[in-house]
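Engineer:
Numbering (full-length UniProt numbering), first residue to last: 1 to 84.
This is the structure in structure tokens:
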């Protein structure tokens with residue numbers, strides 16, 4: 001499987017977990033696809049939308065249940081940061 005397709009699957013999986021936690025209206029996932037982008041891990045847009053980011057190249061190395069656990073961990077850290 002190519003990296004682009006894998007990235008899309010991971011993004012969809014993160015967004016699904018946000019829906020499962022019923023916080024998809026409170027948090028926005030911003031994937032970082034390559035090392036040339038630089039942005040803070042957590043932030044708030046001017047409209048009040050809270051966002052968090054994660055490196056897809058790290059998540060690409062994980063499979064199955066390990067990936068699911070890492071996604072949940074990333075989301076839980078964002079929830080803790082924003083006190084959601």
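Note that the Cβ used here is the ideal one computed from N, Cα and C, for glycine as well.
Which residues does DSSP list as the beta-bridge partners of residue 30?
Structural biologist: Paired residue(s): 53.
Engineer: Distance, Cα to Cα, residue 77 vs residue 22?
Structural biologist: Straight-line Cα distance between these residues: approximately 16 Å.
Engineer: When the distance is taken between beta carbons, is residue 31 closer than 8 Å to residue 56?
Structural biologist: Yes; because the gap between Cβ atoms is below 8 Å, this pair is in contact.
Engineer: From the DSSP output, read off the bridge partner residues of residue 43.
Structural biologist: According to DSSP, residue 43 bridges with 51.
Engineer: Among the candidates 4, 20, 49, 35, whose CA atom is the shortest distance from the CA of residue 72?
Structural biologist: Measuring from the Cα of residue 72, the nearest candidate turns out to be 20.
Engineer: Check residue 2 in the structure and name its three-state DSSP category.
Structural biologist: It is coil, neither helix nor strand.
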